[in-house]
Structure formats: structure tokens, C-alpha cells
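**Q** Below is the structure I would like to discuss, written out as C-alpha cells.
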Amino acid sequence: MDIKAISDQVMGALGNSPEAIKDFIADPAAAIEGITGNKLEGADLAGVVDQFKETVMGGGFQLPEGLDLGNLDLSGIAGNLGGMLENSPLSGIAEGLGSLFGKK
24 MDIKAISDQV MGALGNSPEA IKDFIADPAA AIEGITGNKL EGADLAGVVD
74 QFKETVMGGG FQLPEGLDLG NLDLSGIAGN LGGMLENSPL SGIAEGLGSL
124 FGKK
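The numbering of the sequence shown is the working numbering, which starts it at 24 and goes up by one.
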């Protein structure tokens with residue numbers, strides 16, 4: 024599975040829709056499946072989420088104008104990935120995204 028291609032497709036969809044960003048935060052696996060048609064699990068899902076994190080943290084992702092981040096619980100992204108990321112380097116994604124957008 025080409026994680027880079029899937030990540031690029033997801034990032035394109037997220038960049039065009041504040042609602043898609045909210046869906047991704049609420050349930051990353053379902054959002055990725057809805058965007059790409061691919062049901063990702065385990066390392067593949069973690070790879071796409073990791074790519075999202077790296078792109079956001081690196082400043083390569085422009086949020087749509089008018090997106091109110093004040094109402095988003097960015098910590099939900101990690102919580103909704105469940106236990107599969109418990110021992111993964113991705114377990115800190117929420118903290119990284121939260122600090123990027125001023126949330127804890």
C-alpha cells in the first residue's frame with residue numbers, strides 16, 4: 024500500500040474542507056476510508072496519521088480560512104485511534120497538534 028499517495032489524497036481532501044478536518048479528528052480511520060475508499064489498520068493507519076502530523080507540524084498544511092479551531096478537541100485524534108498506538112511514537116500526536124493550535 025502506498026502510504027505517501029494515500030496521505031497526499033487525505034491531505035488534499037482535508038485542506039479543502041473544514042468539516043473533513045473535524046471528521047478526521049473525530050475518527051481518523053473512518054475519515055481516511057471515506058476519503059480514499061481504503062480501510063486502513065495498524066501500521067498503514069499509523070503511517071497516514073504520522074504523515075499528517077509531520078505535514079502539519081512542518082507548516083506544509085494550510086488550514087482553510089474560517090476554520091474555528093477553538094471548538095476542536097485536537098486531543099481526540101489520538102484517543103480515537105484507540106489502543107493500537109499505545110506503544111507507538113505516534114502516541115504523542117495529540118499533544119503536538121494541540122500545542123500547535125494552542126490547545127493542551
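Idealized CB from N, CA, C, for every residue including glycine.
Considering just the uninterrupted stretch of the alpha helix (DSSP H) at E56, what are its terminal residues?
**A** 51–59
**Q** Once DSSP output is grouped into helix, strand and coil, what is the label at S40?
**A** coil
**Q** Using the C-alpha atoms, what's the distance from V79 back to K27?
**A** 15 Å
**Q** Classify V33 as helix, strand or coil using the three-state DSSP reduction.
**A** Here V33 sits in helix by DSSP.
**Q** Excluding the 5 residues preceding and the 5 following Q74 in the sequence, name in chain order all residues of the same chain whose CB lies nearer than 6 Å to its CB.
**A** S30
**Q** If you follow the alpha helix (DSSP H) that F75 is part of, which residue opens it and which one closes it?
**A** 65–80
**Q** Let's test the definition: count the other Cβ atoms within 10 Å of the Cβ of A53 and tell me whether it reaches 16, buried, or not, exposed.
**A** exposed
**Q** If you run the structure through DSSP and keep just helix, strand and coil, what is Q25?
**A** Gln is not the amino acid found at residue 25; the sequence shown has Asp there. Coil.
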